[in-house]
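In this note's numbering, the protein residues as written are 142 to 341.
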């Protein structure tokens with residue numbers, strides 16, 4: 142069982158390294174250093190091995206926090222992955238090509254990927270799963286339906302905030318525009334949507 146977080150202990154109970162750890166915001170190391178010191182002594186780990194384990198734990202904790210933050214900002218309605226996707230229903234799809242897109246080379250190449258299909262055939266699943274893969278690899282992602290984008294930008298335009306609102310849709314490295322073509326769009330909406338796509 143892990144020791145209580147040293148950064149939350151009363152000042153008189155804090156050790157000599159607790160203040161520097163607090164200043165550097167090394168929460169994992171502060172919480173686990175005492176417990177790991179016991180394991181190090183029992184297993185005769187070298188100081189370098191002990192330090193490596195603490196740093197690995199800190200890095201993992203920070204990576205997990207950053208991933209959770211990217212997921213929250215991405216606004217996924219639900220987390221999707223590639224594993225449960227049906228490649229053989231209702232009609233066979235090119236599985237190798239689908240998996241190849243998960244290498245995310247198109248982001249580095251600043252290219253686009255389009256999934257075209259009817260409701261229930263999986264384009265949203267694949268797009269969201271690809272967004273999750275991008276989050277795991279450190280990319281900023283944003284998912285929104287075409288109608289939501291249009292409505293948000295139309296309201297921003299009326300309020301004189303169009304340029305500021307456009308930045309929200311153009312800044313993320315991976316922009317997922319869902320449900321394009323499901324509902325009719327008037328000329329004003331089409332112009333706003335074109336503006337987003339053109340800027341990206």
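Where a beta carbon is used, it is the ideal one built from N, C-alpha and C, also for glycine.
Inter-residue CB distance, residue i and residue j (contact presumed, cutoff 8 Å)
| i | j | result |
| --- | --- | --- |
| residue 271 | residue 242 | 6 Å |
| residue 191 | residue 177 | 6 Å |
| residue 277 | residue 208 | 6 Å |
| residue 226 | residue 263 | 6 Å |
Identity of the residues DSSP links to residue i by a beta bridge
| i | result |
| --- | --- |
| residue 285 | 318 |
C-beta contact flag for residue i and residue j at 8 Å
| i | j | result |
| --- | --- | --- |
| residue 274 | residue 245 | yes |
| residue 306 | residue 294 | yes |
| residue 163 | residue 171 | yes |
| residue 217 | residue 269 | yes |
| residue 248 | residue 314 | yes |
| residue 239 | residue 257 | no |
| residue 228 | residue 236 | yes |
Three-state secondary structure assigned by DSSP to residue i
| i | result |
| --- | --- |
| residue 224 | coil |
| residue 198 | helix |
| residue 217 | coil |
| residue 229 | coil |
| residue 278 | coil |
| residue 259 | coil |
| residue 313 | coil |
| residue 210 | helix |
| residue 204 | helix |
| residue 170 | helix |
| residue 265 | helix |
| residue 148 | Note that residue 148 scores 43 on pLDDT, short of 50, meaning its location in the model is unreliable; the coordinates nonetheless yield the value given after this. Residue state, collapsed to three classes: helix. |
| residue 338 | helix |
| residue 243 | coil |
| residue 305 | helix |
| residue 292 | helix |
| residue 192 | helix |
| residue 187 | coil |
beta-carbon residue i near the ligand ZN non-hydrogen atom, thresh 7 Å
| i | result |
| --- | --- |
| residue 191 | Absent from the structure shown: the ligand ZN. Ligands present: none. |
Whole-angstrom distance between residue j and residue i, CA atom to CA atom
| i | j | result |
| --- | --- | --- |
| residue 301 | residue 291 | 15 Å |
| residue 196 | residue 321 | 45 Å |
| residue 205 | residue 198 | 11 Å |
| residue 154 | residue 310 | Residue placement at residue 154 is flagged as unreliable, the pLDDT there being 44, under the threshold of 50; the coordinate-derived value follows with that caveat. Distance between the alpha carbons of residue 154 and residue 310 is about 49 Å. |
| residue 146 | residue 168 | Its pLDDT being 46, under 50, residue 146 is placed unreliably in this model, and the coordinates cannot settle the point. |
| residue 260 | residue 200 | 41 Å |
| residue 214 | residue 328 | 29 Å |
| residue 194 | residue 166 | 17 Å |
| residue 289 | residue 179 | 54 Å |
| residue 335 | residue 202 | 40 Å |
| residue 303 | residue 323 | 24 Å |
| residue 252 | residue 308 | 19 Å |
| residue 341 | residue 250 | 13 Å |
| residue 158 | residue 333 | 55 Å |
| residue 338 | residue 219 | 25 Å |
| residue 296 | residue 189 | 57 Å |
| residue 222 | residue 234 | 17 Å |
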